[in-house]
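For the sequence shown, position 904 matches number 943 in this note's numbering, and the numbering has no gaps at all.
Read the structure below first, then the notes.
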Amino acid sequence: MECREERPADEQAPTPLERGLLHIWQSVGSCAQVCPERVFLSRPVLQTALGEHHGLLLTQGGLVYSFGELLWRDLSVPVSDPVLEASLLGRMVVRVAAGGFHCGALSEQGNVYVWGENTAGQCGLTERGIAANITVSEPCPLTVVDSDVVPPAAVRVVNLAFGREHSLALSAQNELWAWGSGCQLGLVTNTFPVWRPQKVEHLSGRHVIQVACGAYHSLALVRSLPPQNYNTQKPSEKRERGQSPHYTVTEKEEPFVVDGGHYCPLGVELTEVMTSETSPRRRGPRRRLQPGGRSAGSSPASVASEDGKSNTKQYSIMKNLPAGTKLEPDDPLTQTDGSPKSQPLPGCRSNKKSAFPDEMELQSLLQKLSCHSLEMHHTSGPGDTDSLSSYTSDDSCVSSTPSTDLLTSSYKEDFPIKSQSNNNSGLAVPYSSSPVCLEDVRLCLEAEEQALKGKKSSSLTNINQRGNTAANRRRSLPGTPTRGSPRRRRPCACKPSSAGRTQAAAPEEADDGLPSLDTEVWSWGRGSEGQLGHGDQLARLQPLCIKPLTGEEVIQVAAGSHHSLALTAHCQVYSWGSNMCGQLGHVNSPVTVPQQTKLSDGLRVWDVSAGQSHSLLLADGDCVQPVLLYCGQRQEPMSAQSERSNPNQRSCQRSPNRAESYTVRPTLLPFCMEMGYASSVCSGGQNCTVLVDQNVMGFISAIHEMASRERQFYCWLNSVRKLLLTPLRNRESSCPSLGEPCTHLFFSLCESFVRLSTLIGRHSTSLTYFQHDVQGRDVTSLPLLMQTEHFLDSYKEYCSSVGNFQVMGGFQSLRKLSLECLDSQQTVLAQLCVSDQSVGGDADLVSLLYRPLQQLHQYSRVLLKLAACYDVLTAEYQSLHQGFSQYESLSLSLLRRKKEAETTLLFWKTHSGKTTQEVLRLPQRRVVCESSNRSLTLQNAGRFSNHWFMLFNDVLVHTQGAIPSQSLFSTHHVYPLTCLWVKPVTEDSSSLYAIKITCPEESFTVVASTPQEKNKWLRSINQAVDQVLGGGGQGSSPGVMGMSRTASYTFTGEGRFKDAKYTGGWLAGRVHGRGTMKWPDGQMYSGNFKNGLEDGYGECIIPNKTLNKPDIYQGHWREGKIHGFGKYKYASGEVYEGCFSDGQRHGYGMLSSGKMAKKSSSVFIGHWVHDKKTGYGVYDDITRGEKYMGVWLDEQRHGSAVVVTQHGVYYEGTFRDNKMSGPGLLVSDDDTALHGEFSDDWTVNGKGVLSLANGDCLEGQFSGEWTAGLKVVGTYTKPVVDEPESKDRSSVLRLGQYVVPAGQRWVCVFDECWSRLGCDAPGRGERAAAWENIAVTITTARRHSPDLSKSQTKVLECLEFIPQHGEPVTTANYDNIRRYLIKACETPLHPLGWLVETLVTVYRMTYVGVGSNCRLLRQAVQEVQAYLTHFYCIVRFLFPGLPDDGGIIPDPPASPAGRHNSDTAEQAVMVVSCSSLLLPLLLPRLYPPLFTLYCLQEEREEAQYWERILRINKQPDQSLLNFLGVQEKFWPVWMSILGERKQIVSTSKDACFVSAVETLQQISTTFTPSDKLLVIQKTFEELTQEVKPLLHGDFLWCMDDLLPLFLYVVFRARIRNLGAEVNLIEDLMDPNVQHGELGMMFTTLKACYIQIQREPTT
C-alpha cells in the first residue's frame, strides 16, 4: 500500500526523496571506522529486512527489492543495485520479512508470499510447488487456512517473522501460525517439516501483539490477561471462572513463590519412559555449488558431506561421549572456524564475584541435568545439543533433527508418542527423542527448592528477579493450559479453563485506540545460550512466559541468532542469551534471564534490532535528533575473514565464537548525527540498516520532538512513582501518619498519578509506532487529536487531586514522611525536582507533583509547530490548530487552579480558627475573595457588629462576631452558589454601593466600601456561580447571569419545605420548573413548580404513619395545592379519580373503595363540592346490591332519585336526610307497583295505591316496610273483564315522574370539559384561547408520555395543529370537521376525547350491573340524547360555523346548470344534527349497556317472535313463499352454488334471495341507527336486483308485493333481538330521515316484526 506523505497544501512539504533514506553497513569493525553506505533508490524505503547474507527492501508503492547472496537463484546482488522482485508487482506489498535463507512478503489484502530455501519446510507447501522442493526461486503464494471453522476459511495475515528453519505469521485476529521445522515452531507435533501453516494452540485465546524469530528460537509479545475480580462477577461467572488457572491463589495455597522454570524446565510434563523412533528425512545440500562440488551456502542444518555417512559417524561419537565431556577445537563435533574452546559456565569465569553463593552446587546441578538429557537407551541421532549448557553447544550437527530435549509436547495421557515417518527424501537420518529419568529430575527439583529456601540459587536465574506475585504468575499461563502448562505439576485446586472461555477473557483492542502496556513476553525453541530467558539452557517445545518481564511494560521484542532483546515503554532494554561478542550490552555473561542493558545517563531507547552477534539501538539523546547505539563485536576476527573466503562454512555456526574485543555497554555511533532523523533500525547477519528522514519545514523534527519529550516525560513519571509515591504509599498504608482526610487524599493523588502515568506511557508508545511509519500516517491521527477529551480529563483529574491534597495541608506532613521513608534517596529525589522552584521544605514536593502540568504547554507548542507546516485552509491545519487551542487553554486553566490552591492554603494558614476550619475546610473548596479588611459589610449592620464574607468556589459564607483575623465568630451562614443570585442595587442618593444577594430562603443586601470593591465582588460572585453551574467561569453581565438554572438545595427554615431536599429548576431564588422535593419523613413530590410552589402536573407521595402505607397522588397542582384533574390513592385503599380545587375534591369525580375498606365496598361517581358529595351522582353499594342514582347534598342523599336493587326492585321518588321521604313509586320485578308516601328506606307510611300485575288495585292507608309486610286500610278494586285499563293504573305505572331530568345529569362532566378549554362557564370564553389550550395540552402530554405507540404519536401530532375553525361550514369542509372530531375522540389527552371517555364511564357505571333494569330504558335513552345536546354545544363553540341542531349547511359554490339542476340541488342539501354528527362517535361505546336494556324491555315479545321464527322457518322456500302470499312471478327458479347454476325445486331450503338475507343479517353488526338504516336500504336493493331478472321491463314496488317478499327475507334472516333493534332505531334515528325513503323502509321492517308476532301459534 502506497503510504501517503504528510504534505501541506502549498506543496512545500517533504518530497518522497526526503523520506525513507536507507543507510547500510557491516556490524564488525571499529565504531570509528564504520562508514555507512547510502543506498539510492527512486522511491522512499518503508521497511528493510535482513537475513544471514541477504536482505529485502520495501519501497513506497509496494515494490520489493532483494540484495545479497541470493542462493536460491545462484546470484550475488550488491546492495547498491538491488534487484526488483518482478513477480510481486501489483501485489501492493505492505510488509517484508527475511529469515536465515528465505524471504517473505505480505500484501495489503493479507496474503503471504514466500521464496528461498525450503529444505526444512520454512517456505511451506506453496501453491506452485511440492514438498520435495528444496528451494523456491520465485515468490509464491502461501495460504494460511483455519481448518477449525466450518467451512475452512483463509486467514488474513498482518505480520511475518522468519528464522533459519521456521516461519511465523500473525493473523488479524492476533493469533499465531507457524510452519517449518524444529521446536521453535511451538506446535503440538513431532513430525517435521510442517509444510502447511498451523495455529500455535498454546497461545490460542491470547492477544499476540508482535512476534520475532531468532535462528532457532521464537519470541512473542502478548497482552496480559485482565485481572479477575470476584466481587464484580455474577455467581454463575464465579462458578465457571473459578476453575480457570488465571486466578491468583491465596497465600495458604502458595506459601513459597518460585520462578516458573523450577517446576518444569522444559515447559512440558516429563515422562518416565520415552521410546526412540527413527524418522528418515531428507537433508539436501545448497543449490549453489563451487567448482569443487562443495556447497557454497551450506545450511546451518547441513553437515560436511552429502551422503550422510559423516553424519552417522558423528552420531556414534556423540553417543559414546561421557556425560559432561568438554569438546576440544580439533574434536570432529566442534567448530571448524578456529573458535576458542568453550568452558563450562563462561559467566562464572568472566565474573569472579558471582551472585550465586554456591557455584559448585550450581555447576553440579546443571551438569546433572545435562547428563540426564543426554542419556540414551537406544541408538539415537545427534539431536540438538542445545540441551547442553553453552560449553557443549555446537553448530556442526543437524539442527532440523529433533533435539534430545524435545520431549513430548503435551501430557502422556493426551498425546502419546506414536511412530512417525517422513519419506520425503532419500537420505535417512535417525530421529529420536531422548528419555529423561523422571526421578532424578524430581530429586534435582527438590534440591533446588531447598536451596532457594536457604537463599541459595540452584539455577542461572538471579534470585532477585523471582519476586513475582501470584497474580502475575497466574496471568502468565498459556491460553490453553491443557497442553504443556508448567503449572500442571503444582498441586492446585484450579482446573484448566476451556479455550472458549479463555478466548472471551482475552483482552481486546483498547477503546481509546492506544496500545496496551500490560504485556508479557513468551519464548520457545532452543535455549542452549539462554536465549529463552527462563533461567536455564533447556529448550521449550511450547510457548512459555518469561516471568521477570511481566509487568515491565514491554512494547517490542527482537531476536538475534542466539540472543534476545526486549524494549520497555520507559525506554529500557532487557537482553538475554549469548554474549560472546558483547551483544547484550553488559558483562553478566552468560545471561539466561533478562537483565537491563547498561545505558548511559540521558539515553532513552525507542527502537531495537538484533543481528547474528550484535545489537543496534535507536535512542533519544540530549537533542531532538535520535542517536544510534551499537553493542557487539568491535574488530573483525580472523575467523570472520576466513568465513567470507569460504562460504561453505559460514552457516555452520550455531553458537557464536567469543569476540576478541567487544563493548561493555552500547556505544554511540558518531556518524548518526550526520544522517538526519532516523525512524527505524534493522539488523541481520552482520549487517545493519537505518531508515532516515530529512527535516523539511521542521515537520520531522516536530514529530521527533513530541515523541522524545513524551518518552522523557514518561520516564520521569515512572521514576517519581517508583522512588517517591510507591514507598510513601506503602509506608502510609502500614502506618498512617498523615491523618484521616489527608491519607485518603494522598491515596487518591497516587491513583490519579498512576492513571496519568499509564496514559502517558501508552501515548509515548503510540508516538514511537508513529515515528516508525511517519510516511504512512496521517498527522490528524495523532492521539493528542483523536483522544483529546481523554487527555484533558486525565490532566484535570490529576490537577484536582494535587490541589485537594495541597489545600488540606497534606504536603507538610508528606515532607516529614518522605524524610523518614526516603532518607537514603534524598539526592535522587532532588534530581527529580525542578531546581529553579526548589525553595525548600515541602515546596520541593509541591513543584515536583505539579510538574506534569507543564507537559500541556509542550503539547500545544509542538502542535503549533506541526500546524505551521500546513496551509491554513487544509483540514490538517484546522485539526492541529484546534488541538493547540484546547491544550493551551487547559494549560492556562490548570495554572489558575494551581494558583487558587496555593492561595487557599495560605488563607487557611492565615485564618487558623479551629472551629471555622473544621466546618468550612474541604478538599475541593477554594477561596476566591474575602472581606476581612471590611471591604464588604451587611447593610444596616449594627455599630459594634463585625461581618466577614468569604467567597469560595462553591459557597458564600457570612460570619459575624468580633475579630475576623482571629476567627472569633459566634455564628456563620453558608449559602451554596448553585442557589445564589446576585444583582447590583442602583445607586441612590445615599451613595451606597449595594449588592442584593438572593437565596432560596432569605435575601440580604451587602454594601461595598468603594465602587471598585463592588465591581470586584460582583464579578467574582458571577464568575464563581458560572463555574459551579458548569460554565467556563468567565462570568456574565451583572444581574442576568443564571437566573434560570438547575440545582440542588436543602431547606432549613420554617415552612412547608423545612428539611426538604430539592433537585430541579430554579428562577431567581425560587423553585421553578420541573424538579423533585423530598422530605425527611418520606414525603416526596416530583413534578412542576412555579414561583416556589407546586404548580402543574406532579406526583406526590404522602406517608400515612397510622396505616404504614403512603397516600399517592398523580395529577395537577396550583399554587402549592392539589388543583385540577388527578388520581388520589389513599392508604386505606380508596381511590379517587376526578377534579380537585384547593386541595379538596371538587367537581366531577369517582371514588371507589378498595380491599382495605372497613365498611362496605362501593363506588360513587358524580359531583363533589368542597370534598363532599353534592349534586347528581351514582352510588353503587356493592355489598347491599343497591344502586342510587340521584341528587346528593353534603354527603347525604337528598332530592329526586332512582334506586334499583339486585332483586329487580325499582324505586323512584324523593330523599331527605339520606332516606326515602315523600312521594315515591316502587315497582317490583313482577310489575307490582306501589305509589305512595314513604317515610324511610323501603318503608311506606301514608296514602297510597297498590297495583298488582293482574290489574287488581288496592287504595288506602299503608304502613310498614316493603320487605317485611304492609298494613293496609283501604279499598280493593278488581277490574271488570274486557274493561279498558283505567287512568288510575296508568298513572301509577308512569315511570320517570320523580327522576332527575336527563339534561341536569352529569353537568359536572361537561363543566370540566369547558374548564379544560379555558372557559369559566359553558360557552363563556375565548375561542382562540380554547384552541391554544388544546394544542398545549396535546403537546405537553406527548412530551411527558414517552411510551406512546407510533399510531398514538401520529394522532397526537395531527391534533397539535389547530384546524380552520372560524370559516363558514359548507358541504366541502364539513367532512374535515367530522374527521377531526373522530381523531380527537380517539385519545383521552384531547378535551373532547376525555369527555367521551368520561361519559362512557358514567354511563356504564349507571346502567351496568345492578343498573341493568328494564325500567331504566327510557332514562338511558334520554341520557344519550342529553349527551348529544351538551356535546354539540361544545363542538359549536369550537366550530362556530356549524348550524343549529337540524340546520342546513350550504353547498359550496355553484354547480353548472343543467337539465337535472333541481335534482342536483336537492341532493346537495345537507341537514346537520347532533345525532348525525356525534352519535357515530358516542353510541358505539355506549351500545352494550343500552342494547342490553332494550333486550330486557322486549324480552316477552322477543320470546314470541323467536318461537314463530323457528317454527315457520322449518318450511321449504316455495312453501314459505306460498304461505306468505308472495306472487309466483317473484319466485326464483335458479340458484347458484359455487358458480354452478342449479334449479330450485320444491324441497329447496334457504336458496331464495340469499344475498338479501345475508345483507339483512348485518344489522346486528352495526351500532348507530344510521348504519342500521343503511343495512335495511342495501337489503331492499339486493332484493330488487334478484327480482329484476324475473320480470320484464321497468317496474315499481307496491307495498302489497313488497311486504310479503320482505317478510320472507326477515324470516330467513333469523335475527335475534329484532325487537330491540327496531326500538333502538326508532328512538335514536335522525328525525330528518323519519319521513323519507329510509323511514319507509324502516317502517316496512317494523311492520314485518309486528306481523311475525301476530302470526298464529298453530
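The beta carbon of each residue, even a glycine, is placed where N, CA and C say it ideally should be.
Proximity below 7 Å, CB of residue i to CB of residue j
i: residue 1540; j: residue 1658; result: yes
i: residue 799; j: residue 763; result: no
i: residue 174; j: residue 157; result: yes
i: residue 644; j: residue 711; result: no
i: residue 1622; j: residue 1590; result: no
i: residue 631; j: residue 569; result: yes
i: residue 849; j: residue 784; result: yes
Residue environment, residue i, which counts as buried when at least 16 other CB atoms sit within 10 Å
i: residue 1230; result: buried
i: residue 1060; result: buried
i: residue 945; result: exposed
i: residue 262; result: buried
i: residue 1698; result: There is simply no residue 1698 to check, as the chain begins at 40 and stops at 1697 in what is shown.
i: residue 1147; result: exposed
i: residue 117; result: exposed
i: residue 670; result: buried
i: residue 335; result: With a pLDDT of 37 at residue 335, under the threshold of 50, the modelled position of this residue cannot be trusted; read the value that follows with caution. So residue 335 counts as buried.
i: residue 774; result: exposed
i: residue 1418; result: exposed
i: residue 1315; result: exposed
i: residue 1116; result: buried
i: residue 79; result: exposed
i: residue 248; result: buried
i: residue 972; result: exposed
i: residue 1400; result: exposed
Continuous alpha helix (DSSP H) stretch holding residue i: start and end
i: residue 1645; result: 1638 to 1652
i: residue 738; result: 738 to 759
i: residue 1474; result: 1456 to 1477
i: residue 1662; result: 1657 to 1667
i: residue 1189; result: Element bounds for residue 1189: not the alpha helix (DSSP H) but the beta strand (DSSP E), 1183 to 1191.
i: residue 1619; result: 1608 to 1626
i: residue 1279; result: Per DSSP, residue 1279 belongs to no alpha helix (DSSP H); it is in the beta strand (DSSP E), 1272 to 1279.
Start-to-end residues for the beta strand (DSSP E) that takes in residue i
i: residue 856; result: Looking at the DSSP string, residue 856 is not in any beta strand (DSSP E); the run it does join, the alpha helix (DSSP H), is 849 to 860.
i: residue 732; result: 726 to 732
i: residue 61; result: 60 to 65
i: residue 991; result: 985 to 991
Checklist entry - Which runs of the alpha helix (DSSP H), 4 residues or longer, sit entirely within the stretch 1341 to 1370? => result 1346 to 1355
Checklist entry - Enumerated in chain order, which unbroken segments of the beta strand (DSSP E) with a length of 3 residues or greater are wholly contained in the stretch 1517 to 1559? => result none
Checklist entry - Should the stretch 1474 to 1482 be regarded as contacting the stretch 1506 to 1521, the criterion being three or more beta carbon pairs within less than 8 Å? => result yes
Checklist entry - Should the stretch 1125 to 1138 be regarded as contacting the stretch 1151 to 1163, the criterion being three or more beta carbon pairs within less than 8 Å? => result yes
Checklist entry - For the stretch 1129 to 1155, which segments carrying the alpha helix (DSSP H) assignment without a break, of at least 4 residues, lie completely within its bounds, in sequence order? => result none
Checklist entry - Within the chosen definition, does the stretch 1097 to 1112 reach the stretch 1044 to 1055 through at least 3 CB pairs nearer than 8 Å? => result no
Next on the checklist: Under 8 Å, with one C-beta from each stretch per pair, do the stretch 1663 to 1682 and the stretch 1600 to 1610 reach the 3-pair mark?
Outcome noted: yes
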